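In the UniProt record's numbering, the protein residues as written are 1 to 185. For glycine and all other residues, C-beta sits at the position ideal for the given N, C-alpha and C. Fair warning: this is a prediction, and the values are worked out from it, not measured in the lab.
Shown next, in the form of structure tokens:
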């Protein structure tokens, strides 16, 4: 049987890497993004890396992830706008959407790298919303966004891959997506 977009997306590939931008909405570096490193110079001019900036960035990532996990206890899909869209062009069921995304598993401690990213592939992802081509959390959360909007989309496990998991996503995993809705229609 031929692979469809639905099958390919619902079984994400381990496309590690890609810059995510959404944790900044919570005042932290992006989930899964490498933390910046502070540098100091020795008297001889050689650069030495210190871990102070790395530790601080990691702590902020952990706080942002903990905040998202807490919000997901109250509601299955959380949308945190980072950059507003046009405010007039909202998707409706059946619309073709074109977007960029980067997905990360939300977990305790240090956040893992992205499990899939259209930015890494340098190719936007397109699908029809409300038709079951993507996880339920996307079908619900993206309806709240307008064209051009960038947001962090938190998705509770029962609105994602649930008890089955998918590829490198463990069962019962809450997910965090950084999304940019490029085109509606």
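Assigned exposure category for residue 147 - 16 Cβ within 10 Å defines buried: Looking up residue 147 in the chain shown gives position 147. With 16 or more other Cβ atoms from the protein chains shown falling within 10 Å of its own Cβ, residue 147 counts as buried.
Taking 8 Å as the CB-CB limit, is residue 180 close to chain C? In summary, chain C is missing from the structure at hand, where a single protein chain is found.
Distance, Cα to Cα, residue 164 vs residue 158? Stepping through the chain shown from its first residue, residue 164 is reached at position 164. Stepping through the chain shown from its first residue, residue 158 is reached at position 158. Approximately 10 Å, taken between the alpha carbons.
DSSP beta-bridge partners for residue 196? Because the chain is modelled from 1 through 185, residue 196 falls outside the range shown and cannot be assessed.
Would you check if the segment 130-149 and the segment 63-74 touch, i.e. whether three or more CB-CB distances between them fall below 8 Å? Verdict: no, contact absent.
Output the distance between the C-alpha atoms of residue 80 and residue 181, rounded to the nearest integer angstrom. As a working mapping, residue 80 is identified with position 80 in the chain shown. As a working mapping, residue 181 is identified with position 181 in the chain shown. Straight-line Cα distance between these residues: approximately 13 Å.
Going by Cα to Cα distance, which pick from 86, 174, 185 and 183 is closest to residue 107? Within the chain shown, residue 107 is the residue found at index 107, counting from 1. The residue with the shortest Cα to Cα distance from residue 107 is 174.
Looking at the unbroken alpha helix (DSSP H) that takes in residue 141, where does it start and where does it end? By 1-based counting over the chain shown, the position of residue 141 is 141. Taken as a continuous stretch (DSSP letters only), the alpha helix (DSSP H) holding residue 141 covers 136-141.
Please say whether residue 153 and residue 91 have beta carbons closer to each other than 8 Å? As a first step, residue 91 must be located in the chain shown, where it is residue number 91. As a first step, residue 153 must be located in the chain shown, where it is residue number 153. With respect to residue 153, residue 91 sits apart: the two C-beta atoms are not nearer than 8 Å.
Taking DSSP as the reference, what is the three-state secondary structure of residue 145? The residue given as residue 145 occupies position 145 in the chain shown. In the displayed model, residue 145 falls within coil according to three-state DSSP, outside both helix and strand.
Would the beta-carbon of residue 98 fall within 8 Å of that of residue 126? As a working mapping, residue 98 is identified with position 98 in the chain shown. As a working mapping, residue 126 is identified with position 126 in the chain shown. In this structure, residue 126 lies closer than 8 Å to residue 98 by Cβ.
Once you ignore the five residues that flank residue 87 on each side, which residues in its own chain have a CB closer than 6 Å to its CB? Working through the chain shown from its first residue, we reach residue 87 at position 87. Residues of the same chain with a CB within less than 6 Å of the CB of residue 87, apart from the 5 flanking positions on each side, are 146 in chain order.
C-alpha gap between residue 85 and residue 151, whole angstroms: Position 85 of the chain shown, counted from the first residue, corresponds to residue 85. Position 151 of the chain shown, counted from the first residue, corresponds to residue 151. Taking the straight line from one Cα to the other gives about 10 Å.
Give the secondary structure of residue 106 by DSSP, where H, G and I count as helix, E and B as strand, and everything else as coil. The count along the chain shown starts at 1 and reaches residue 106 at position 106. When secondary structure is reduced to three states using DSSP, residue 106 falls in the coil class, being assigned neither helix nor strand.
Less than 7 Å between C-beta atoms, sequence neighbours within five positions excluded: which residues of the same chain meet that for residue 96? On the chain shown, residue 96 is found 96 positions in, with the first residue counted as 1. 126, 128 and 185.
For residue 158, the three-state DSSP class (helix, strand or coil): Here residue 158 refers to the residue found at position 158 when the chain shown is read from its first residue. Residue 158 falls in the helix class under three-state DSSP.
Assign residue 92 to one of three DSSP states: helix, strand, or coil. The residue labelled residue 92 in the question sits at position 92 within the chain shown. Looking at residue 92 - three-state DSSP - the assignment turns out to be coil, as it is neither helix nor strand.
Which residue marks the beginning of the beta strand (DSSP E) containing residue 80, and which one marks its end? One-based indexing of the chain shown puts residue 80 at position 80. Start and end: 77-83.
What does the alpha-carbon distance come out to for the pair residue 94 and residue 117? Position 94 of the chain shown, counted from the first residue, corresponds to residue 94. Position 117 of the chain shown, counted from the first residue, corresponds to residue 117. Taking the straight line from one Cα to the other gives about 23 Å.
What residue range does the alpha helix (DSSP H) around residue 114 cover? Working through the chain shown from its first residue, we reach residue 114 at position 114. From DSSP, residue 114 is part of no alpha helix (DSSP H); its letter is neither H nor E.
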